[in-house]
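Undergrad:
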Amino acid sequence: MSKSMGDLAKRKTPADAPAAEVEAAEAQQQENQPATPAAPLRNPVKPQGRPTRGKSKIQSRTMSMEDEYIELIDMLAVIPRFDKFTRSDVIRAAIFQLSEKSPAEIEEAIKLNIEAVNANDVSFRTEEIKRKLMGKS
């Protein structure tokens, strides 16, 4: 005699089972589960990119710059032929060099950049660096 889907035994529903049986099953189920569900264990995040140079973490900041400045930063990043520097490396070096100046020189340099330097000056400087690099190659 072959069995078809209709012949399979049906599961008992709580309405079919006696109340004491249902309560015992629920109590046993609660005993098997922990009081607080365990959170999934996270793997520690492996830092990517350059080493942090002794710092605990690198913080990302957004800066607004004209496209000409970004192009100049990218050009400065490729000047060393053997080491490919990042934009962050170029900005770190510029900030460090600026920090070695006196407060009056820093203020003067920033004011000059804000008031006198425009996008054409930055583009001209970028093209000048490109010409120098092509002449050395």
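Each residue of the sequence shown is one higher than the one before, counting from 18 in the numbering used here. Ideal placement from N, C-alpha and C gives every residue a C-beta, glycine not left out.
So the candidates are 92, 105 and 101; which of them puts its Cα closest to the Cα of residue 76?
TA: When each option's Cα is compared against that of residue 76, the closest is 105.
Undergrad: Looking at the structure shown, is residue 126 part of a helix, part of a strand, or coil, going by DSSP?
TA: Correct three-state label for residue 126: helix.
Undergrad: Ignoring anything shorter than 4 residues or poking outside the stretch 78–121, list the alpha helix (DSSP H) runs there in chain order.
TA: 84–94 and 104–116
Undergrad: Taking Cβ to Cβ, would you say residue 139 is nearer than 7 Å to residue 85?
TA: yes
Undergrad: Assign residue 90 to buried or exposed, taking buried as 16 or more other Cβ atoms, counted over all protein chains shown, within 10 Å of its Cβ.
TA: buried
Undergrad: Whose C-alpha, out of 43, 150, 74 and 130, is nearest the C-alpha of residue 82?
TA: 130
Undergrad: Nearest to residue 150 by CA position, among 87, 78, 92 and 114, is which residue?
TA: It is 92.
Undergrad: In chain order, what residues of the same chain have a beta carbon less than 7 Å from the beta carbon of residue 117, not counting five sequence neighbours either side?
TA: Result list for residue 117: empty, nothing under 7 Å.
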